[in-house]
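In what follows, a single structure is set out as structure tokens and then discussed.
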Amino acid sequence: MTNPKPTSFIIYFFYFTLSLPSSLSSSTSPADIAALRAFKAAVKPSSIPPTSCLATWNFSTDPCAVPRITHFTCGITCSNNRVVQLTLDSQGYSGTLTPLVSQLTHLINLDIGDNAFHGPIPSFTSLPNLKTLILRVNSFYGPFPASISALASLQTLDLSRNALSGPLPNLNSLTGLTRLDLSYNKLTGPLPKLPPNLNELALKSNSLSGSLTTFTGLTRLMVIELSENSFTGTLQPSLFLLPSLQQLDLAKNNFRNVVVSNPNPNTELVAVDLSYNAIEGPLPANFSEYPMLRSLALSHNRFRGPIPWQYSKKGSPLRRLYLDGNYLNGSPPAGLFSGEGAVSGSLGDNCLQRCPVNSGLCLKSQKPASICQQAYGGKPKS
Ligand SMILES: *[C@@H]1O[C@H](CO)[C@@H](O)[C@H](O)[C@H]1NC(C)=O
Ligand SMILES: *[C@@H]1O[C@H](CO)[C@@H](O)[C@H](O)[C@H]1NC(C)=O
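Set out below in structure tokens:
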């Protein structure tokens, strides 16, 4: 007599309506919740603006629960109830980084860059999936944690613009790492063994020292940025022959010599900056053989002798040439000022004769004759 249909419809309706929130919610791994709680607790509350990501972290709901309407609206991403991404907005969050991040064992990306975190970087012991670690532009200090060299999946490591100090451990176990940026810290000691598949190495503005001997086998290295350190010794031909190298910046170090051989046929070197070192000897003419080399900066060294005519030879790819602040003598090759070999840059502050004053290259005047005579043992070559 009674039609069962409406009843069951109502039952189903209630069943689905009531179960909807719980079917969409989830229960985040307790270890992850504890780590997120500790993470937020280590940030100074006064540095958490009301409109920021971290302000929405309210543990009265489950962090991985969706939809996120009021709580945990940003900053984390979950997969199968595990936190896989912790990427904070740049809000000036100030605090320390809790060692409990090591409990986020499914983490793939950790990015808390451009904030005001300080203290030591904790040891990351068990983050086997971590691909991206970005702590750039904070105030972390203390040593570079040796535990980082055990992060087997790491691809990008950016700790630039902090205050890390002390030597670097060997990093050749990081076989997946393609981008390493530790620029603008206070690191000391020699260059360690490097990750074998690196594309980009940036260690600008530290206090690293010793000679550059560790580049053999780095066949994918495209960018080397080691300016503003205390490296010394001789730059060997092998450095310029790295098969993928495009940009080499070694300015503002203490290099004493450079030896450049002829390039390999497929060399990709586009820009070399060796300015502000203490390199002696003649200018390396072989640079003109590098078919892609458009920018060459050798300013402020102790180079002597004439500018090689090859620098302006027919077909030379050089377009920017910075040679100012050396002891170069003779007449600069006429081709530098007109025609196919014409370049921009600077030749001033040398001992050159007949640098055409109407050329931008010669805007800056040459050294006083007395200094040049002294540099050439009182017998200036002409
Ligand atoms: C978390 O959210 C609940 C409910 O929305 C609220 O009552 C509580 O004050 C919040 N806690 C914090 C620390 O914001
Ligand atoms: C230029 O390269 C050749 C061949 O690689 C080498 O024999 C020669 O010594 C180099 N020239 C200089 C001045 O280093």
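What the sequence shown shows, in mature numbering (1 follows the signal peptide of the UniProt record, and there is no 0), is residues -25 to -1, 1 to 357, in sequence order. Every residue gets a Cβ at the ideal spot worked out from N, C-alpha and C, and that includes glycine. This one's a predicted model, so the numbers in the text were calculated from it and none came from an experiment.
Quick one: give me the first and last residue of the beta strand (DSSP E) that residue i is part of.
i, result
"residue 231", "229 to 233"
"residue 53", "51 to 54"
"residue 279", "277 to 280"
"residue 57", "57 to 62"
"residue 86", "84 to 86"
"residue 139", "138 to 141"
Note down, in chain order, each residue of its chain lying with its Cβ closer than 6 Å to the Cβ of residue i, except the 5 sequence neighbours on either side.
i, result
"residue -4", "Low confidence applies to residue -4: its pLDDT is 41, below 50, so where it sits in the model is not reliable, and the reading given next is rough at best. Closer than 6 Å at the Cβ level, and outside the excluded window around residue -4, lies no residue."
"residue 351", "none"
"residue 291", "263, 316"
"residue 117", "95"
"residue 297", "272, 274, 320, 321"
"residue 204", "181, 183, 228"
"residue 223", "199, 247"
"residue 19", "69, 70"
"residue 310", "287, 316"
For residue i, list the residues DSSP reports as bridge partners.
i, result
"residue 93", "114"
"residue 206", "185"
"residue 133", "109, 156"
"residue 255", "277"
"residue 272", "248, 297"
"residue 319", "295"
"residue 176", "155, 199"
"residue 125", "DSSP, once it has assigned bridges, lists no residue as partnering residue 125."
I'd like the list of long-range same chain contacts for residue i, defined as Cβ closer than 7 Å, with 5 residues on each side in sequence excluded.
i, result
"residue 56", "1, 2, 3, 4, 39"
"residue 338", "323"
Residue range of the alpha helix (DSSP H) that residue i falls in?
i, result
"residue 295", "From DSSP, residue 295 is part of no alpha helix (DSSP H) but of the beta strand (DSSP E) over 295 to 297."
"residue 15", "5 to 16"
"residue 214", "212 to 215"
Tell me, please, whether the CB atom of residue i is closer than 9 Å to any CB atom in chain D?
i, result
"residue 118", "No chain D is part of this structure, which consists of one protein chain only."
Within a Cβ cutoff of 8 Å, which residues of the same chain sit near residue i, ignoring the five residues on either side of it in sequence?
i, result
"residue 163", "140, 141, 142, 181, 182, 183, 184"
"residue 159", "135, 136, 137, 179, 180, 181"
"residue -10", "At residue -10 the pLDDT is 41, less than 50, meaning the model places this residue with poor confidence; the figure from the coordinates comes in the next sentence. Around residue -10: no qualifying Cβ."
Beta carbon nearer than 5 Å to a non-hydrogen atom of ligand 2: Every residue whose Cβ sits closer than 5 Å to any heavy atom of ligand 2 is listed here in chain order: 236, 237, 261.
Residues near ligand 1, criterion Cβ-heavy atom distance below 6 Å: The set, ordered by position in the chain, is 33, 35.
Contact between the segment 97 to 111 and the segment 74 to 85 (3+ Cβ pairs under 8 Å): As far as the Cβ criterion goes, the segment 97 to 111 touches the segment 74 to 85, which means the pair count is three or higher.
Stretch-stretch touch, CB-based, cutoff 8 Å, three pairs: the segment 192 to 206 with the segment 163 to 182: Result yes; three or more Cβ-Cβ pairs closer than 8 Å.
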